[in-house]
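Under the working numbering, the first residue of the first sequence carries the number 10, and numbering increases by one thereafter. Every residue gets a Cβ at the ideal spot worked out from N, C-alpha and C, and that includes glycine.
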Amino acid sequence: MTASNVPDKPTLDGVELKWDAVWEERGTYRFDRTAERADVYSLDTPPPTVSGSLHVGHMFSYTHEDLIARYHRMRGKSVFYPMGWDDNGLPTERRVQNYYGVRCDPAQPYDPSYEPPEKPGKDQVQISRQNFVELCHRLTAEDEKAFEDTFRRLGLSVDWQHTYATIDDRSRRVAQVAFLRNLARGEAYAAEAPTLWDVDFRTAVAQAELEDRELPGAYHRVMFEDIAIETTRPELLPACVALVAHPDDERYKPRFGTTVKTPLFGVEVPVKAHPLADPDKGSGIAMICTFGDLTDVIWWRELNLPVRSVIGRDGRILATPPADVPADGAYAELAGKTVKQAQRRIVELLIESGDLVGEPKPITHPVKFYEKGDRPLEVVTSRQWYIRNGGRDAELNAQMLKRGSELDWHPPYMKARYDNWVGGLNGDWLISRQRFFGVPFPLWYPLDGDGEPSYDKPLIPAETRLPIDPSSDLPDGYTADQRDQAGGFTADPDVMDTWATSSLSPQIAGGWLDDEDLFGRVFPYDVRPQAHEIIRTWLFATVVRAHLEHDSLPWTDTMISGWVLDPDRKKMSKSKGNAMTPIGLLEQYGSDAIRYWSASARVGTDTAFDEGQMKVGRRLAVKLLNASKFALGFPDAGPGDVTEPIDRALLSRLADVVDEATTAYDGYDPARALERSEAFFWTFCDDYIELVKNRAYSDTAEAASASRALRLALDVLLRLFAPVLPFATEEVWSWWHEDSVHRQSWPSAADLRAAGGRDVDVAVLEVAGEVLGQVRKAKSNAKSSMRTPVDKLVVRDTAERIALMRLASVDIVNAGVISELVLEEGEPDVVVTLAPPE
RNA sequence: GGGCGUAUAGCUCAGUUGGUUAGAGCGCACGCUUCACACGCGUGAGGUCACAGGUUCGAGUCCUGUUACGCCCACCA
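(1) Could you please give the first and the last residue of the uninterrupted beta strand (DSSP E) stretch that includes P515?
(2) DSSP three-state call for I477: helix, strand or coil?
(3) Our contact map puts P55 next to P538 with C-beta atoms below 8 Å; I'd like the distance itself, whole angstroms only.
(4) If you reduce the DSSP assignment to three classes, tell me which class A710 lands in.
(5) Can you tell me which of the three DSSP states L663 falls into?
(6) Could you tell me if K702 is buried or exposed, where buried requires 16 or more neighbouring beta carbons within 10 angstroms of its beta carbon?
(7) What's the call for H171, buried or exposed, on a 16-neighbour Cβ count within 10 Å?
(8) Would you mind reading off the limits of the alpha helix (DSSP H) that contains G66?
(9) Quick check on the DSSP output: what are the complete alpha helix (DSSP H) runs of length 4 or more inside the region 541-573, in order along the chain?
(10) Which runs of the beta strand (DSSP E) at least 3 residues long sit entirely within the region 278-321? Give them in chain order.
(11) If you draw a straight line from the alpha carbon of T546 to that of I372, how long is it in whole angstroms?
(12) What residue from E542, T565, E259 and F549 has the CA that sits closest to P533's CA?
(13) Threshold first: 4 residues or longer. Then list the alpha helix (DSSP H) segments lying entirely within the region 164-217, N to C.
(14) Whole angstroms are fine: how far does the CA of P476 sit from the CA of W745?
(15) Tell me the DSSP secondary structure of T329 in three-state form.
(16) My guess is that A187 and L468 are in contact by the Cβ rule of under 8 Å, so how many angstroms apart are they, rounded?
(17) Using only the alpha-carbon positions, how far apart do T149 and E157 sit?
(18) With a cut-off of 8 Å on the beta carbons, I'd call D221 and V376 a contact; round off their distance for me.
(19) R162 and D29: beta carbons closer than 9 Å?
(20) To the nearest angstrom, how far is the alpha carbon of V316 from that of G382?
(21) Quick check: the region 112-127 against the region 135-142, are there 3 or more CB pairs under 8 Å?
(22) How about P279 and T271: do their beta carbons lie closer than 9 Å?
(23) Should P837 go down as buried or exposed, given a rule of 16 or more other Cβ atoms within 10 Å for buried?
(24) On the three-state DSSP scale, how would you describe W755?
(25) Taking the C-alpha atoms as reference points, what is the distance between L843 and E834?
(26) How is K262 classed by DSSP in three states: helix, strand or coil?
(27) Compute the Euclidean distance between the alpha carbons of L246 and S609, then round it to the nearest angstrom.
(28) By a C-beta neighbour count over all protein chains shown, 10 Å radius and 16 as the cutoff for buried, is S828 buried or exposed?
(29) Should M423 and G676 be called a contact, given that it needs their Cβ atoms to be closer than 9 Å?
(30) Count the other CB atoms, across all protein chains shown, that sit within 10 Å of the CB of R310; report buried if there are 16 or more and exposed otherwise.
(31) In chain order, what residues of the same chain have a beta carbon less than 6 Å from the beta carbon of L734, not counting five sequence neighbours either side?
(32) The alpha helix (DSSP H) spanning A251 covers which residue range?
(33) Along the chain, where does the alpha helix (DSSP H) that runs through K801 open and close?
(34) For K585, which residues from the same chain have a beta carbon less than 6 Å from its beta carbon, with the 5 sequence-adjacent residues on both sides left out?
(35) Which one or two residues does DSSP pair with M505 in a beta bridge?
(36) Is V231 closer than 9 Å to L359 when the C-beta atoms are compared?
Rendered as C-alpha cells:
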C-alpha cells in the first residue's frame, strides 16, 4: 500500500469522462445474474420520456435512486439497475411533427425512400403511418443516445447492458402478451361508452391524464317554456335530453314526470329528479346534454336517458342533427361550426327568439383538459379498451388499497396519495388511444357480409407470434386481399396508451416471458423510485398489472422523490437558459457537485434549485482530494496498532458515524447519511489533521499511531462518500489501490472499533479541538497569523477535562505552536500569551 | 369541498423517542500568502423556532385551533 500515485496537483477536471470509460471497460456496475434472489437488489428504474432533453429535475431524482443502488452494491448485493426509455406515445409524435414538419395520414401510401425536409416547412407534410413511425424511431434513437451520455456523465451506476425502450420489440411483445392475458381472464374489455376526448389529438384520454384549468365562461339563463335554467354551454341545447332538479326541491317537485320543450329546437324533454342536482347552483335545475361533462354522463346513465350527440370528434357541430332534432332552422346555423363559433351564434339566436334572459354572467370555472392538450375535452361516445383497476368494482378496489398498504412507502405519507386516488376512481382504466406511434392492439375482427366488424368474435394471435402489427400482419387463415373486405377481416385500429406499456416496466426490464431465469432473480423488485406526481399513473398502473398477472406487488418498497423548485417556490420549468441545462451544470460544477446538491435533499421533499449547494458540493469534492493527498503523504507505518487516545477517539467517533449512515441508508434517507459523514469529515480536516500532523511527520511510535488512524479514517470516509461523490472518491482510491472503490464493501463500524476505536473517551478529541479554538481565537483577535508562537498557554478547567487535555497535550502544543502549556484544575479560564511581534 | 405536506438566522436546510445556552453551510464582517487545499484557512455578528391557546417540572419537538404557501383529489349545470 504505497502512495506513489498521488498527484502533485489533484484535480477534478475530466474525471467524469475518464472514470465512465474505466467503469464501462471493467464492468464495474454489471449485474451478476448468477446471484440468487436473496443476494440481488433490483430497481425498477423510471424510463424518462424521450421527447426532447433531460432537465435538472432528472439529475435530482435519478441521483437519489443511484445513491440507493450504490449503497446496496457496497452492501454486497448484486444490483440490477436497468435503464428504460419511454419513447412511444403522444409526446414523441408531437416532437416528430414539430422537428421534421410532418403529419401522419394513415391514408397515404408508404414511401420506402422518403426523407424528411432539412428544416420543417410552413405546412406539415402528410406522410404514411409507416413513414411516420420510422421517423419516430429515428429521432428517439438520437435522443436516447444523448440521454445516455448525460446519465453516464452524472455517474449513474446503471448496467447499460440492460436497457429497453417502450416501443422496442420486447416491450411490444410484453405489452401485447399481457394485454391478451388480461383479455382472456376478463380483466380487459372493450366498450362503447361516453369518453373524454381531445379534439386536437383526436384520441380518447384516461382519467389519470386529466387536469383542470381555470377558464373564463358565462352563465346563460335560458327559458324552457316557463322554467329557467343556467348553462355555460348553450351550444349544447340541441343535445339536451332532460332537465334535472333535486328530489326535495319544492320549486320543481310538481314538474317531475312532466315534459318541456327545448327553445329553438322544440324537442320534448322530461323533467327529472336526481340527488346530485344542487338547488343552490344557478336556478337549481340543470340542463342535461349528451354530453357536456362527466356529470351529464352520470345523469344520462342513472336516469336511462337517450343520446343526442351534436359534437363530432373534430370538435365541430355534426353536419347531421340527432334523429328528433329538426335539421333546418337553428341547427343548420350551427352545423360545422366549432364549439366557440356555435356558442356565439346560438346566443344570437336565443336573443332573437327571446329565450335568453338578461345578459350572460361572466364567471371563471374549472374545465377539464388533457394534460398535454390545448383545448377543453369533449365527451364523445366511442369504442374503447379498458383494463379493470377497481374503478367499477368494490372488491378489486379493496384489493388495490390492500396492495398499497403492503408496500413500504418512503416517505410514508406519500401513501395517502395512492389511497386518495384509488378510493376516488370513477371508472376502469381506458388504455386505447386513436394514435399511431404506440403498441397496437394485437387483434383483428371478422367482417360480415355487409362489411361490419364482429367485435364479439375477435381474431386473436398466438402468444408466440407477438409482437405483431395487425395493420400489416395477417390473422391466421386469412389472406392479405381479404383485409377490409366484406367477409374478410379488419385490424383493430388503436394503439395502447404509453402507461399501458410502462406499467409493465418490471416485466420488460426483468426478462418476463423470454428469460424467466433472470425474471426469477429480480422480481418482485426491491424498489420503485419515482416522483410523486405520477403515483396515480405509473405507480398505481404498475401495481394493477402485477396484481392481475402475478398476484403480487411489483416491488416491496417505493422511494418518492420531490420536485425541484425555482427559487420562487414554483415547480421548475424546463427551459431556463443554458446555465440550467443538465450538461451546463455538470460542466460548470462537476457531476459530484450536482449529486451532492441532490443528495442533500431528503427523499420526498421538494427542493429549491440552489447553485450555492452545488458550489458547496464542489468544495467538498475538492477538499476530499486535497485532504487525501495530505493524509497519504505521511510515512506509511504499515500494519499495527492505533495507540494514542486522540487517534482512537477519532476512530471511535467514525464508527458511530458509520452506524448512523448505515441506518439512514437502510431507511432510504441518504441525506442524513451524507450530513453525518460530511460533518465528521470537516472536523477531521480542520481539527484532527491540524492536531496530529506534526506528530505524524515525526519519527516516533506515536507517529505510527497517527499515520495508521489517518489512513484508516480516509479509507472509511472514501467508502462513506462513494455513493454521493463517485468520481472524486474513485479518483482518490486509484492513488493507492488497483481496484474500484465502488466494488468495496460498505465500511464496518466493528472493524474501526477493533482497530482501536473503542474503550476511549471520545471527548478527548472535542476537548483538544476546543483548546485549539481558544488559541486560534486569541491569534485572530490579535490579527496575527496562525503560525504566531504562543509563549504561554494556561488552561483551567474541571479535573475531568484537564485529564483529557493531558492525553492530547503534545498535539495541542504542536498545533498551537506553544512554548509552555499549563493545564490546571480550577474555574474554567483560558489565558493565551502570544509571543511579541518581531 | 376532501386529503397530504411545509413554515427554525438575510438565503438553503438539520434539529432522531420533549431535557442545560436552538445547529450547519452559503452570504456578510474582520483577519490570515499556515510547508494538502486562495475552488483555501481562522475568528465573529446574526434567530420571540408562522400565530394563539393547551398538556408538562420543562415544548422548536406533543395536543387543539388559526394563518400563509405548495401539491394531490373532487359530480365544475
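Looking at the atomic coordinates:
(1) Mapped onto the first sequence, residue 515 falls at position 506. Not the beta strand (DSSP E): P515 falls in the alpha helix (DSSP H), residues S514 to G519.
(2) Taking the first residue of the first sequence as position 1, residue 477 is located at position 468. DSSP places I477 in coil when its eight states are reduced to three.
(3) Here residue 55 refers to the residue found at position 46 of the first sequence. Here residue 538 refers to the residue found at position 529 of the first sequence. Yes, P55 and P538 are in contact; Cβ-Cβ is about 7 Å, under 8 Å.
(4) Position 701 of the first sequence, counted from the start, is the residue given in the question as residue 710. Helix at A710.
(5) What you label residue 663 is simply residue 654 of the first sequence in a count that begins at 1. If DSSP states are grouped into helix, strand and coil, L663 belongs with the helices.
(6) Start at 1 with the first residue of the first sequence, and residue 702 comes out as number 693. So K702 counts as buried.
(7) Here residue 171 refers to the residue found at position 162 of the first sequence. Under a 10 Å Cβ-count criterion, H171 is classified as buried, with 16 or more other Cβ atoms of the shown protein chains found around its own Cβ.
(8) Here residue 66 refers to the residue found at position 57 of the first sequence. Segment V65 to M83, the alpha helix (DSSP H) holding G66.
(9) Here the runs fully enclosed are 549-559.
(10) 294-298
(11) Numbered from its first residue, the first sequence carries residue 546 at position 537. Numbered from its first residue, the first sequence carries residue 372 at position 363. Using only the alpha carbons, I get a separation of about 32 Å.
(12) Within the first sequence, numbered from 1, the residue matching residue 533 stands at position 524. If we check each option's Cα against that of P533, T565 comes out closest.
(13) 178-193
(14) Within the first sequence, residue 745 is the residue found at index 736, counting from 1. Within the first sequence, residue 476 is the residue found at index 467, counting from 1. The alpha-carbon atoms of W745 and P476 are separated by roughly 52 Å.
(15) Numbered from 1 along the first sequence, position 320 holds the residue referred to as residue 329. T329 falls in the coil class under three-state DSSP.
(16) The residue given as residue 187 occupies position 178 in the first sequence. The residue given as residue 468 occupies position 459 in the first sequence. Not really, about 19 Å apart at Cβ, beyond 8 Å.
(17) Residue mapping note: residue 149 aligns to position 140 of the first sequence, counting from 1. Residue mapping note: residue 157 aligns to position 148 of the first sequence, counting from 1. Those two C-alpha atoms are separated by around 12 Å.
(18) Mapped onto the first sequence, residue 221 falls at position 212. Mapped onto the first sequence, residue 376 falls at position 367. Contact flag correct, Cβ pair sits at about 7 Å.
(19) On the first sequence, residue 162 is found 153 positions in, with the first residue counted as 1. On the first sequence, residue 29 is found 20 positions in, with the first residue counted as 1. For R162 and D29, yes; Cβs fall inside 9 Å.
(20) The residue given as residue 316 occupies position 307 in the first sequence. The residue given as residue 382 occupies position 373 in the first sequence. Cα-Cα distance, rounded: 26 Å.
(21) Because the criterion of three Cβ pairs below 8 Å is met, the region 112-127 and the region 135-142 touch.
(22) As a working mapping, residue 279 is identified with position 270 in the first sequence. As a working mapping, residue 271 is identified with position 262 in the first sequence. Not a contact, by the Cβ cut-off of 9 Å.
(23) Locating residue 837 in the first sequence gives position 828, counting from the first residue. Classification for P837: exposed.
(24) For the purposes of this step, residue 755 is taken as residue 746 along the first sequence, with counting starting at 1. Taken through DSSP and simplified to helix, strand or coil, W755 comes out as coil.
(25) Numbered from 1 along the first sequence, position 834 holds the residue referred to as residue 843. Numbered from 1 along the first sequence, position 825 holds the residue referred to as residue 834. So the alpha carbons of these two residues sit roughly 22 Å apart.
(26) The residue labelled residue 262 in the question sits at position 253 within the first sequence. DSSP places K262 in helix when its eight states are reduced to three.
(27) As a working mapping, residue 246 is identified with position 237 in the first sequence. As a working mapping, residue 609 is identified with position 600 in the first sequence. For L246 and S609, the distance between alpha carbons rounds to 57 Å.
(28) Reading the first sequence from its first residue, position 819 is the one you call residue 828. Flag for S828 reads exposed.
(29) Locating residue 423 in the first sequence gives position 414, counting from the first residue. Locating residue 676 in the first sequence gives position 667, counting from the first residue. Contact: no.
(30) As a position in the first sequence, residue 310 is number 301, starting the count at 1. Label assigned to R310: exposed.
(31) The count along the first sequence starts at 1 and reaches residue 734 at position 725. If we look at L734 and ignore the five residues flanking it on each side, its Cβ neighbours are D601 and A630.
(32) Counting from one through the first sequence, the residue named residue 251 turns up at place 242. First-last for A251: C249 to A254, but that is the beta strand (DSSP E), not the alpha helix (DSSP H).
(33) Your numbering for residue 801 matches position 792 in the first sequence. That residue, K801, is in no alpha helix (DSSP H); its beta strand (DSSP E) goes V799 to D806.
(34) As a first step, residue 585 is located in the first sequence; it is residue number 576 there, counting from the start. Confidence in K585 is poor, its pLDDT being 44 and thus under 50, which makes the residue's placement unreliable; the coordinate value appears in the next sentence. Contacts found: none.
(35) Counted from its first residue, the first sequence places residue 505 at position 496. Its beta-bridge partners are S441.
(36) Position 350 of the first sequence, counted from the start, is the residue given in the question as residue 359. Position 222 of the first sequence, counted from the start, is the residue given in the question as residue 231. For L359 and V231, yes; Cβs fall inside 9 Å.
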